[in-house]
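From first to last, the protein sequence lines stand for chains A and B.
Quick note: the first sequence uses our numbering, first residue 62, plus one each step.
Quick note: the second sequence uses our numbering, first residue 62, plus one each step.
Single-structure report; data block below.
There are 2 protein chains.
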Amino acid sequence: MSEKLSDTARKTTLEPLLENGWAMVEGRDAIHKTYEFENFVEAFGFMTRCAIWAEKWDHHPEWSNVYKTVEVTLTSHDVDGLSSRDTKLARKMDKLADG
Amino acid sequence: MSEKLSDTARKTTLEPLLENGWAMVEGRDAIHKTYEFENFVEAFGFMTRCAIWAEKWDHHPEWSNVYKTVEVTLTSHDVDGLSSRDTKLARKMDKLADG
Numbered sequence: 062m063s064e065k066l067s068d069t070a071r072k073t074t075l076e077p078l079l080e081n082g083w084a085m086v087e088g089r090d091a092i093h094k095t096y097e098f099e100n101f102v103e104a105f106g107f108m109t110r111c112a113i114w115a116e117k118w119d120h121h122p123e124w125s126n127v128y129k130t131v132e133v134t135l136t137s138h139d140v141d142g143l144s145s146r147d148t149k150l151a152r153k154m155d156k157l158a159d160g
Numbered sequence: 062m063s064e065k066l067s068d069t070a071r072k073t074t075l076e077p078l079l080e081n082g083w084a085m086v087e088g089r090d091a092i093h094k095t096y097e098f099e100n101f102v103e104a105f106g107f108m109t110r111c112a113i114w115a116e117k118w119d120h121h122p123e124w125s126n127v128y129k130t131v132e133v134t135l136t137s138h139d140v141d142g143l144s145s146r147d148t149k150l151a152r153k154m155d156k157l158a159d160g
């Protein structure tokens, strides 16, 4: 279905994410971001918008929520690391977080 | 707004939850449960139903989701431990998990 991100793709698609609040997870080929919202309704609303895209693209985040905070980790279990599906979903989540 | 669960309340309202898949969190006066669903849509559907009640009751879970698994921790930060709002929300979540 997909392949691990190539070195070239890491430069072109991963780096912009790392400059936008995403960070590599220690010890895993995965990326992580913490989103903060105004309140629970905004936080869960964001999760709901993301959930629909995640299901549509059949690529699901590992995520947690405590009140207005949402923590997200993305990786592709089938390739045991980051694939283009992660960078695509990360970009979508960043857009959805903006409204 | 609420008080820490009394010893009596722990017998009457907490024990039934501990017999229904909830467990005390080590080192915290909090309860935890892992819910497993058929797939992501069922898991996130459950979270959505819970989110509406959590907001309505102004009492929110700490929770995480990975595909079809939802992990929930409940505690009342304002009383630094379990209150009746946790046992009430736990019972509601168990009902919502059943459909």
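Glycine is no exception: its CB is placed at the ideal position from the N, C-alpha and C atoms.
Note that this is a predicted model, so its numbers are computed, not measured.
Residue burial classification, residue i (beta-carbon count within 10 angstroms, cutoff 16)
i	result
A:D159	exposed
B:T148	buried
A:A115	buried
B:A84	exposed
A:I92	buried
Closer than 7 Å to chain D by CB, residue i
i	result
B:W114	Although the question refers to chain D, the structure presented lacks it and instead comprises the protein chains A and B.
Same chain only: Cβ atoms within 8 Å of residue i, ignoring 5 sequence neighbours per side
i	result
A:M108	W124, N126 and V131
B:V102	none
Chain A contact residues for residue i, given Cβ-Cβ distances below 7 Å
i	result
B:V127	E123
Chain-order list of residues whose beta-carbon lies under 6 Å from that of residue i (same chain, five-residue window excluded)
i	result
A:C111	M154 and L157
A:T161	Outside the shown range of chain A (62 to 160) lies residue 161 of chain A, about which nothing can therefore be said.
CA-to-CA distance, residue j to residue i, given in whole angstroms
i	j	result
B:E80	A:S67	49 Å
A:R146	A:H121	10 Å
B:L75	B:G106	26 Å
A:K117	A:T134	18 Å
A:E99	A:Y128	10 Å
B:I113	A:T69	44 Å
B:G82	A:V86	31 Å
B:A151	A:D119	30 Å
B:L78	B:A104	20 Å
Beta-carbon contacts of residue i that lie in its chain and below 7 Å, excluding the five residues immediately before and after
i	result
A:S137	S63, L143, S144, R146 and D147
A:R89	T136
B:K65	V140, G142, L143 and S144
Residues within the segment 94 to 112 of chain B neighbouring chain A, beta-carbon criterion of under 8 Å: Per Cβ criterion, the list reads F101, V102, F105, M108, T109 and A112.
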